[in-house]
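Below is one structure, written out as structure tokens, with a few remarks after it.
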Amino acid sequence: MQRHRLRVGVIYGGRSGEHEVSIQSARSVLAAIDPERYEAVPIGITQEGSWHAVEPDALLAGGASDRSRLLPSADPRERGLARTERSDGAPEPFDVAFPLVHGTFGEDGCIQGLLELASVPYVGSSVLGSAVGMDKILMKRVFAASGIPVVPWVEVSRFDWERQPSTVADRVANSVGYPCFAKPANLGSSVGISKVTSGDGLAAALDVAAEFSSRIIVERGVNARELECGVLGNDEPEASVVGEVVVAREFYDYVAKYEDERTRLRIPADIPEGIAERIRCLAVDGFRAIGANGMARVDFLWSQTDGELYVSEINTIPGFTPMSAYPRLWAASGVTYPELIDRLITLAIERHTDQSRNRTRFRDSGEAAARPVGPAGDSPS
């Protein structure tokens with residue numbers, strides 16, 4: 002008798018500056034997922050936001066059409082992520098979803114919220130963990146409150162920058178100084194990031210960041226080695242070996258991450274074991290602090306000036322491209338790419354099963370009728 006294969010909806014693309022990176026991630030996952038255990042169904046989202054049953058290469062080439070279009074459904078009775086425009090109008094059910102939409106409208110909790118409404122298990126963090134992990138400002142506040150070291154930073158709103166540029170420039174100079182980095186608060190893959198070496202370059206950097214987000218974070222520049230660690234798990238997360246990013250460009254920008262062949266990821270990093278263990282502990286601490294689930298890549302800065310170790314950021318949907326750190330870190334830790342996908346799907350189902358234990362009603366109709374609640378919330382005597 003043929004074994005039932007789990008149907009996995011691989012969601013990618015999306016309305017984000019990381020659209021192309023997401024397509025690369027989906028291509029890699031679809032190629033590596035075990036066809037004996039899973040029926041992988043690609044679900045591409047165009048940059049305009051429409052959903053399609055289409056392969057990554059076709060979406061990249063503009064092959065999405067009305068015939069491939071899907072209509073997202075949030076109805077848990079259907080157990081389906083999307084409804085097609087087929088003649089019978091039947092839903093397309095999924096056993097689990099694998100979101101690979103990096104950046105806004107995907108990694109920030111938007112898709113996770115839809116999946117929660119549809120009661121579909123999904124890989125990765127919940128709405129809360131996704132939203133906090135995506136927003137660099139909230140993330141740093143949570144880290145700082147949890148005793149996790151972060152570099153000095155200042156928040157800038159697009160509203161203030163456009164109306165009070167001199168005040169904002171003074172605040173940046175006094176709070177973080179130069180060099181510094183200006184970043185959109187809710188984007189990844191180094192999109193919209195600029196290095197600022199003096200006050201003369203601040204305006205251009207903030208203008209670029211403001212194109213992608215209404216909230217901008219400016220961080221103090223640190224002469225540091227860039228280290229990365231993967232986290233895998235739910236209630237008992239594990240940390241991978243530590244890797245080091247070695248770049249030939251001035252800093253680890255978009256080109257260095259995805260286009261420059263000179264960029265190297267050294268695994269394991271050539272660092273003292275004490276530093277590596279500290280990184281692994283902080284990675285798990287950061288994962289737990291934001292309420293993450295499933296997977297995350299945690300990035301670190303190890304200052305070469307004073308030896309301090311800082312958590313730079315956490316990525317709840319890390320890249321899954323052939324050059325991406327997360328799968329390579331776990332491969333070096335003894336978990337192959339197909340095994341990693343399998344564990345992430347198992348963790349998704351595990352978390353969904355646990356969440357299903359939560360009551361969604363305070364009382365059923367019989368209890369409510371039999372035990373009315375008084376004005377102050379107390380049952381009458």
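Each residue of the sequence shown is one higher than the last, beginning at 2 in our numbering. Glycine is no exception: its CB is placed at the ideal position from the N, C-alpha and C atoms.
Asked, Found
"Where the alpha helix (DSSP H) containing Arg436 begins and where it ends", "Residue 436 lies beyond the residue range present for the chain, which begins at 2 and ends at 382; the question has no answer from this structure."
"Inter-residue CB distance, Ala119 and Ser51 (contact presumed, cutoff 8 Å)", "With 8 Å as the limit, Ala119 and Ser51 do not qualify as a contact, their Cβ atoms being about 18 Å apart."
"Sheet register partners of Ser297 (DSSP bridge)", "A quick correction: the sequence has Ala, not Ser, at residue 297. Partner(s): Val232."
"DSSP-derived helix/strand/coil call for Ser313", "strand"
"Minimum length 3: unbroken beta strand (DSSP E) runs contained in the region 46 to 86", "70 to 73 and 81 to 85"
"First through last residue of the alpha helix (DSSP H) which encompasses Arg265", "Arg265 -> not in any alpha helix (DSSP H); beta strand (DSSP E) instead, spanning Arg265 to Arg267."
"Buried or exposed (CB count within 10 angstroms, at least 16 for buried), Met282", "Per the sequence presented here, residue 282 reads as Cys, with Met not at that position. So Cys282 ends up on the exposed side."
"Segments assigned beta strand (DSSP E), at least 3 residues, entirely inside the region 144 to 216", "154 to 158, 181 to 185 and 195 to 197"
"The region 142 to 150 in contact with the region 348 to 368 per 3-pair CB rule at 8 Å", "no"
"Span separating the alpha-carbon of Val155 from that of Leu139", "12 Å"
"Under 9 Å between C-beta atoms of Leu348 and Gly287", "no"
"For Gly378, the three-state DSSP class (helix, strand or coil)", "Annotation note: pLDDT 42 at Gly378 (below 50); position unreliable, no value reported."
"Arg216 vs Val157 beta-carbon contact at 9 Å", "yes"
"For Glu245, the first and last residue of its enclosing beta strand (DSSP E)", "Glu239 to Val247"
"Chain-order list of residues whose beta-carbon lies under 8 Å from that of Ala132 (same chain, five-residue window excluded)", "Asp109, Gly110 and Leu139"
"First and last residue of the uninterrupted beta strand (DSSP E) at Leu7", "Leu7 to Gly14"
"Straight-line gap, Ala332 to Glu351 (C-alpha atoms, nearest Å)", "23 Å"
"Other residues of its chain near Arg329: CB distance less than 8 Å, five sequence neighbours each side excluded", "Gly244, Leu266 and Ile268"
"Thr322, buried or exposed, once every other Cβ within 10 Å from all chains shown has been counted against 16", "buried"
"C-alpha gap between Arg16 and Val219, whole angstroms", "24 Å"
"Assigned secondary structure, Arg221 (DSSP; H/G/I helix, E/B strand, else coil)", "strand"
"Alpha-carbon to alpha-carbon, Lys196 and Asn175", "17 Å"
"Test item: CB-CB of Gly10 and Ala65 under 9 Å", "no"
"Alpha carbon of His5 to alpha carbon of Ala54, nearest angstrom", "22 Å"
"Closest Cα partner of Gln25 within the set Leu72, Glu340, Val102 and Arg38", "Val102"
"Span of the alpha helix (DSSP H), counted from its first residue to its last, around Ala332", "Ala326 to Ala333"
"Residue from Ile112, Leu302, Gly107 and Pro180 whose Cα sits closest to the Cα of Glu227", "Leu302"
"Neighbour-count burial assignment, Glu229, 16 or more Cβ in a 10 Å radius", "buried"
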